[in-house]
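This report refers to the structure that appears directly beneath it.
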Amino acid sequence: KAGVTQTPRYLIKTRGQQVTLSCSPISGHRSVSWYQQTPGQGLQFLFEYFSETQRNKGNFPGRFSGRQFSNSRSEMNVSTLELGDSALYLCASSLGGVTNEQFFGPGTRLTVL
Amino acid sequence: DQQVKQNSPSLSVQEGRISILNCDYTNSMFDYFLWYKKYPAEGPTFLISISSIKDKNEDGRFTVFLNKSAKHLSLHIVPSQPGDSAVYFCAASVVNFGNEKLTFGTGTRLTIIP
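Written out as structure tokens, the structure reads:
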């Protein structure tokens, strides 16, 4: 069974630009969650999608948005990038939700210059 | 406000000995807890979880203990092996019929000394 894949793995953007990250979950998993990892803050929950609906959202500004497609693939978009958005963005999939065993992808390393 | 705290950023343990990783939380509504392990350049991997109706859960070399009155949980690894060297994150949630989000701690880097 293929694992969770994320593209791209690395990304360099400048302030003010926008970026779209992609996540393909494990086949059969309907829940996809996104997390931001930074050295000082650890992993912070961005949002969770289940069957194309956003089920929960963390405490991030509206510049961070996402969506999920009918095949469970998910995208995360960050608009008007700020230097502080530099982080590792992880996506995780599971059968039922975040309290089920989640399988994480390797992450996308975003650097904002 | 850090609701889940891992106060030890790093821990070194001799191979074969017990590793104890600690986690404290402030939100008394949390009723489900998980531990994840992360190697460099990889995503976290689920290790073990515990519901607040239990005070202990065991899976092979890994045991998680929950002390609700102290709002404290710990992960015990016995015996510690070199492959256990990684960053360990604890996470907590309020179970709400699918409407949950995870709050993670900042992680503890465990180094097993051969």
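Chains A and B supply the protein sequences, listed in that same order.
My numbering puts the first residue of the first sequence at 1, with every later residue one more than the last.
My numbering puts the first residue of the second sequence at 1, with every later residue one more than the last.
All C-beta atoms, glycine included, are put in the ideal place defined by N, C-alpha and C.
Please read all numbers here as calculations on a predicted model, not as lab measurements.
For Tyr142 (chain A) versus Leu90 (chain A), is the C-beta distance shorter than 8 Å? Any property of residue 142 (chain A) remains undetermined from this structure, which presents chain A solely from 1 to 113.
Is the separation between the beta-carbon of Pro49 (chain B) and that of Asp31 (chain B) shorter than 8 Å? Here residue 49 (chain B) refers to the residue found at position 49 of the second sequence. Here residue 31 (chain B) refers to the residue found at position 31 of the second sequence. Here residue 49 (chain B) is Ser; the residue named in the question, Pro, does not match the sequence. No, these two residues do not count as a Cβ contact at 8 Å.
Between the region 69–82 of chain A and the region 65–74 of chain B, are three or more C-beta pairs nearer than 8 Å? No, they do not touch.
Whole-angstrom distance between Arg109 (chain A) and Thr108 (chain B), CA atom to CA atom: Walking along the second sequence from the start, residue 108 (chain B) turns up at place 108. Walking along the first sequence from the start, residue 109 (chain A) turns up at place 109. Using only the alpha carbons, I get a separation of about 21 Å.
Between the alpha carbons of Val87 (chain B) and Pro44 (chain B), how many angstroms are there, rounded? Indexing the second sequence from 1 puts residue 87 (chain B) at position 87. Indexing the second sequence from 1 puts residue 44 (chain B) at position 44. Val87 (chain B) and Pro44 (chain B) have their C-alpha atoms some 9 Å from each other.
Proximal residues, the region 92–111 of chain B versus chain A, C-beta separation under 8 Å: Cβ contacts with chain A come from Ser93, Val95, Gly98, Asn99, Glu100, Lys101, Leu102, Thr103, Phe104, Gly105, Thr106, Gly107.
Nonlocal neighbours in the same chain, by C-beta distance under 7 Å from Gln44 (chain A), ignoring five residues either side: The count along the first sequence starts at 1 and reaches residue 44 (chain A) at position 44. Here the set comprises Tyr35, Gln36, Gly58.
Between the beta-carbon of Tyr36 (chain B) and the beta-carbon of Leu21 (chain B), is there less than 8 Å? Within the second sequence, residue 36 (chain B) is the residue found at index 36, counting from 1. Within the second sequence, residue 21 (chain B) is the residue found at index 21, counting from 1. In this structure, Tyr36 (chain B) sits away from Leu21 (chain B), with a CB-CB distance that is not shorter than 8 Å.
Hey, quick one: how far does the beta strand (DSSP E) through Asp85 (chain A) stretch, first residue to last? In the first sequence, counting from the first residue as 1, residue 85 (chain A) sits at position 85. That residue, Asp85 (chain A), is in no beta strand (DSSP E); it is neither H nor E in DSSP.
For Phe62 (chain B), which residues in chain A fall below 8 Å Cβ to Cβ? Residue mapping note: residue 62 (chain B) aligns to position 62 of the second sequence, counting from 1. Under the 8 Å cutoff, chain A gives no residues; its nearest Cβ is about 14 Å from Phe62 (chain B).
Counting only Cβ pairs nearer than 7 Å, list the residues of chain A close to Phe126 (chain B). Within the shown structure, residues of chain B are numbered from 1 to 114, placing residue 126 (chain B) beyond reach of any answer.
Does any residue of chain B have a CB that is nearer than 8 Å to the CB of Arg55 (chain A)? Taking the first residue of the first sequence as 1, we reach residue 55 (chain A) at position 55. By this cut-off, Arg55 (chain A) is an interface position.
Test: Gln190 (chain A) CB closer than 8 Å to a CB of chain B: Missing from the structure shown is residue 190 (chain A); chain A here goes from 1 to 113 and no further.
So Glu58 (chain B) contacts chain A; which residues on that side make the cut at Cβ distance below 9 Å? Here residue 58 (chain B) is taken as the residue at index 58 of the second sequence, counted from 1. Within 9 Å Cβ-Cβ: nothing; Glu58 (chain B) doesn't reach chain A, min ~17 Å.
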